[in-house]
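*Asks:* Residue numbers (the numbering used here): 90 to 203.
1. Could you pull out every residue in the same chain whose Cβ sits closer than 7 Å to the Cβ of residue 146, ignoring the five residues on either side in sequence?
2. Under a Cβ-count criterion, where at least 16 other Cβ atoms within 10 Å of its own Cβ denotes burial, should residue 119 be classed as buried or exposed?
3. Compare the Cα-Cα distances from residue 182 to each of 96, 90, 157, 165 and report the closest residue.
4. So who's on the other strand from residue 141, going by DSSP bridges?
5. DSSP on residue 173, reduced to helix/strand/coil?
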């Protein structure tokens with residue numbers, strides 16, 4: 090699942106190796122970059138996402154480009170069905186990368202109500 094989520098820098102599952110993460114860690118101390126998440130942090134995030142996104146059915150209702158972004162980003166509107174409840178217009182932001190599409194973010198508050 091971690092291979093489906095990320096940013097224009099790549100999948101969250103692809104940390105870039107020890108040297109790249111070491112350099113990002115130093116840069117994070119200076120406020121110039123985010124540090125690489127650990128494998129355990131990624132696993133916990135994906136488990137939490139899977140729990141929130143658990144559903145009995147879904148329907149994609151619209152897809153629109155997001156203006157003002159450096160790379161092409163599309164907001165996909167989804168209706169998520171869980172039992173008798175339908176969560177409408179849950180935004181899933183997908184970003185185009187050189188290796189394909191990644192989920193950049195999901196409007197989880199539309200499902201959790203928080």
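A virtual CB, placed ideally from N, CA and C, is assigned to each residue, including glycine.
*Replies:* Taking the coordinates as given:
1. These residues qualify, in order along the chain: 170.
2. The residue in question, residue 119, is exposed, as its Cβ has fewer than 16 Cβ neighbours within 10 Å.
3. Closest in alpha carbon position to residue 182, among 96, 90, 157, 165, is 165.
4. Residue 141 is not bridged to any residue.
5. If DSSP states are grouped into helix, strand and coil, residue 173 belongs with coil.
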